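A.B. asks: What follows is a single structure, and I will ask about it in a moment.
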């Protein structure tokens, strides 16, 4: 307990260890770890240990039925992985996941950027508009998916009622159960596209929130001098605002990519993974519950995590390389 | 009108101004309409909905609360027993808030104010946990809890929620603790308080807005959660949360859409109400780091 213990955290020399440590610093470390212990304990028990066990399970032959009598370490096998890569539909599922993720992330960040630009300057009713934009994100996923299902229902949904009455659709579209349809004469995967639209709708508030916060923190002088130099609004956006937003957009892209790639609830609740929307996480869930095949589910989950790590790694390399040059 | 003044700058300004209002209008409508539609259907009769699916207004004479009655009535009385589900969800969410705050306040204080070896590693650990896929975590937890016979335990569910919310909680609280002047804490230390005393008497009273925001965030996550509730509780009907109960309702026999929508309103309304009550706090708490750049 001394002044030394209360220095601001920025003065952080702790990474350059091991330096000679005073008793005070030792005491501080002890208190620090002591205060962190409850948090770490929960995280270790509920997150870290289970992850390690997933890896073990992926290399064992385990089914739900033998759970009660199995020990932690059964015979090791590569069968699960072989089955994952060899099983019908695996590569389709992975491809669907990639399309779903890229589409959903791009749409949500694009909409979020548009929304943030639109409400950037104050106007009457802005607080209300801003709060409304956040609704899709904070609403419980079960409620949000159900109301979408209802709106899109071919028999009594409002969208089909309007589409057939005002837009001249010759028949109602079963948005969530139609594998493919045509949009302006181009064949499209209807259900997958609908799920991507849902993703964009539900998560644009996330991008909006962070982009707006960043925009409001931008120093005004750059834009003002550009204004004085006669830059038009689009030029100011292109050359002044956008470059300053890029780091935030890059971070958002990684975050949204990781979270969307492994998203389960949205697709499961909207389509149950049918009609060409089966993403990897829904497949893992099916392996686990309806087939009771824990080994295969773990192997599939492991593949998911590795694929994710590869995508993020490649992305960070691209972005990081671009920035350092 | 003088055409010479219609240069690029002027045209862009006019076009962008129009576009801006169109964007605001369209996004507000697509954000709000589904929720309006949810409420609308929950107070209409199913026959009316089937007769005129395209109608989006309801006349006072058409309003019916039958769907709510059916959803709220207990199962024994032929309803869907949502009163009980709401109780379970609320209890789980409140317990998650209490435990999360209790463990993450000292933790956040430690990573803000104390210098010790391994602090940075703790940061990366929590970021990794925040990003780690829930579905991958679900498998071993399902296996372990099945083995221990604890699947269906609400305590286990709360612990999983705590682990899921701790990373963001720590981040939010830390952002706030950093703004508290160190001199105040020093003064409390000179008065003979230990670390916990400083946290209790100085940091906490000064960070009430941050605590409220964090509690709100955790409550929302726990109330909205679906995957783990589904995996752990699906066989224990008496312990279903609102999300789970509603999704199971949709999967069963002929339940009218109006009843589903009434259930959705009951699930969504508390969160929206809480959110509007604490919107400013929450937005500032979540984006504090972004503003600092």
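Chains as they are written, first to last, in this note's numbering: chain Z, 89 to 413; chain S, 16 to 308.
The beta-carbon is built from N, C-alpha and C at its ideal position, and this holds for glycine as well.
Bear in mind that the values here come from a model prediction, so they are computed numbers and not experimental data.
1. Once DSSP output is grouped into helix, strand and coil, what is the label at residue 305 (chain S)?
2. Just to make sure I have the definition right: I need the residues of chain Z whose C-beta is within less than 8 Å of the C-beta of residue 118 (chain S). Which are they?
3. Quick one: is residue 187 (chain S) near chain Z, going by C-beta distance under 7 Å?
4. Judging by CA-CA distance, which residue of S:261, S:231, S:291, S:36 is the nearest neighbour of residue 187 (chain S)?
5. By how many angstroms is the C-alpha of residue 277 (chain Z) removed from the C-alpha of residue 233 (chain S)?
6. Could you name the residues of chain S that residue 369 (chain Z) contacts, counting a contact when the two beta carbons are closer than 8 Å?
7. Against residue 6 (chain S), what residues of chain Z qualify as contacts under a CB-to-CB distance less than 8 Å, listed in chain order?
8. In chain order, what residues of the same chain lie with their CB nearer than 7 Å to the CB of residue 103 (chain S), ignoring the 5 residues before and after it?
9. Helix, strand or coil for residue 95 (chain S)? Go by DSSP, reduced to three states.
10. Have a look at residue 300 (chain Z) and residue 291 (chain S) and give me their C-alpha separation to the nearest angstrom.
11. If you draw a straight line from the alpha carbon of residue 131 (chain S) to that of residue 195 (chain S), how long is it in whole angstroms?
12. When the cut-off is 7 Å and only beta carbons count, does residue 311 (chain Z) lie next to chain S?
13. Smallest Cα separation from residue 243 (chain Z): which of S:44, S:143, S:206, S:67?
14. By DSSP, does residue 283 (chain Z) sit in helix, in strand, or in coil?
15. Taking Cβ positions only, does residue 32 (chain S) come closer than 7 Å to chain Z?
16. The stretch 191-206 of chain S: which residues have C-beta closer than 8 Å to a C-beta of chain Z, in chain order?
17. Apply the 10 Å Cβ neighbour rule to residue 272 (chain Z) and answer buried if 16 or more other Cβ atoms are within range, or exposed otherwise.
18. May I have the straight-line CA-CA distance separating residue 35 (chain S) from residue 189 (chain Z), to the nearest angstrom?
19. Taking residue 168 (chain Z) as the reference, give the member of Z:393, Z:385, Z:397 with the closest Cα.
20. Provide the residue span of the beta strand (DSSP E) that contains residue 313 (chain Z), from first to last.
21. Once you ignore the five residues that flank residue 144 (chain S) on each side, which residues in its own chain have a CB closer than 6 Å to its CB?
22. For residue 192 (chain Z), does the three-state DSSP call read helix, strand or coil?
23. Taking 7 Å as the CB-CB cut-off, is residue 65 (chain S) touching chain Z?
24. Using a Cβ-Cβ cut-off of less than 8 Å, list which residues of the stretch 120-138 of chain S approach chain Z; keep chain order.
25. Rounded to whole angstroms, what's the CA-CA distance from residue 59 (chain S) to residue 113 (chain S)? Just pull it up for me.
26. Could you run through the stretch 215-235 of chain Z and flag, in chain order, every residue whose CB is less than 9 Å away from some CB of chain S?
27. Could you tell me whether the Cβ atoms of residue 27 (chain S) and residue 321 (chain Z) are closer together than 7 Å?
28. Applying the criterion that 16 or more other CB atoms from any shown protein chain within 10 Å of the CB defines a buried residue, is residue 286 (chain S) buried or exposed?
29. With which residues is residue 274 (chain Z) paired in a DSSP beta bridge?
30. I'd like to know whether the C-beta atoms of residue 296 (chain S) and residue 220 (chain S) end up nearer to each other than 7 Å.
31. Please list, in chain order, all residues of the same chain as residue 392 (chain Z) whose beta carbon is under 6 Å from its beta carbon, the five residues on each side excluded.
32. Leaving aside the five residues before and after residue 204 (chain Z) along the sequence, list all residues of the same chain whose C-beta is less than 7 Å from its C-beta, in chain order.
33. If contact is defined by three or more beta carbon pairs under 8 Å, each pair taking one atom from either stretch, is the stretch 118-125 of chain S in contact with the stretch 236-254 of chain S?
34. Could I get the ranges of all uninterrupted alpha helix (DSSP H) runs contained in the stretch 212-240 of chain S, with 4 residues as the minimum, in chain order?
35. So the alpha helix (DSSP H) residue 199 (chain S) belongs to, where does it begin and stop?
36. So, under 8 Å CB-CB, residue 352 (chain Z) and residue 370 (chain Z) are touching, yes? Tell me the CB distance rounded to an integer number of Å.
C.D. replies: Checking against the coordinates, here is how it stands:
1. Since pLDDT at residue 305 (chain S) reaches only 47, below the 50 mark, its modelled position is unreliable, and no value is offered.
2. Contact of residue 118 (chain S) with chain Z by beta-carbon distance below 8 Å involves 126, 127, 130.
3. Not one chain Z Cβ lies under 7 Å of residue 187 (chain S).
4. Comparing C-alpha distances from residue 187 (chain S) to each of S:261, S:231, S:291, S:36 shows the shortest one belongs to S:231.
5. Across the structure, residue 233 (chain S) and residue 277 (chain Z) are spaced so that their CA atoms are roughly 37 Å apart.
6. Within chain S, 148, 150 have C-beta atoms less than 8 Å from the C-beta of residue 369 (chain Z), given in sequence order.
7. No information on residue 6 (chain S) is available, as it lies outside the stretch 16 to 308 that chain S covers here.
8. The answer, listed in chain order, is 254, 255, 256.
9. DSSP places residue 95 (chain S) in coil when its eight states are reduced to three.
10. Cα to Cα, the separation comes out at about 19 Å.
11. Near 20 Å, if we compare the C-alpha coordinates of residue 195 (chain S) and residue 131 (chain S).
12. Taking Cβ atoms only, chain S never reaches closer than 7 Å to residue 311 (chain Z), which makes this a no.
13. Per the Cα distances, S:67.
14. In this structure, residue 283 (chain Z) counts as helix in the three-state DSSP scheme.
15. False, the Cβ-Cβ gap to chain Z never drops below 7 Å.
16. Hits within the stretch, in order: 193, 197, 200, 201, 204.
17. When all chains shown are included, residue 272 (chain Z) counts as exposed.
18. Rounded to the nearest angstrom, the two C-alpha atoms are 28 Å apart.
19. Checked all of Z:393, Z:385, Z:397; the closest Cα to residue 168 (chain Z) is Z:385.
20. Counting along the chain, residue 313 (chain Z) falls outside any beta strand (DSSP E), though it belongs to the alpha helix (DSSP H) covering 308-316.
21. Close CB contacts of residue 144 (chain S) within its chain, under the 6 Å cut and outside five residues either way in sequence, are with 182 (chain order).
22. In the structure shown, residue 192 (chain Z) sits in a helix (DSSP, three-state: H, G or I).
23. Using a CB distance cut-off of 7 Å, residue 65 (chain S) counts as an interface residue toward chain Z.
24. So the list reads 121, 122, 124, 125, 126, 127, 128, 129, 130, 131, 132, 133, 134, 135, 137, given in the order they occur along the chain.
25. Take the alpha-carbon of residue 59 (chain S) and the one of residue 113 (chain S): they are about 39 Å apart.
26. Cβ contacts with chain S come from 215, 216, 217, 218, 219, 220, 221, 222, 223, 224, 226, 227, 228, 229, 230, 231, 232, 233, 234, 235.
27. Yes; because the gap between Cβ atoms is below 7 Å, this pair is in contact.
28. Buried.
29. In DSSP, residue 274 (chain Z) forms a bridge with Z:271.
30. Contact annotation: residue 296 (chain S) and residue 220 (chain S) have beta-carbon atoms that are not nearer than 7 Å.
31. Excluding positions up to five away in sequence, the list reads 368.
32. Excluding residues up to 5 positions away in sequence, 296, 299, 300, 303 lie with their Cβ nearer than 7 Å to the Cβ of residue 204 (chain Z) in the same chain.
33. Verdict: no, contact absent.
34. Along the stretch 212-240 of chain S, the alpha helix (DSSP H) occurs as fully enclosed runs of 4 or more residues at 223-239, listed in sequence order.
35. Annotation for residue 199 (chain S): the continuous alpha helix (DSSP H) segment containing it runs 197-205.
36. Indeed they touch by this definition, with Cβ atoms about 6 Å apart.
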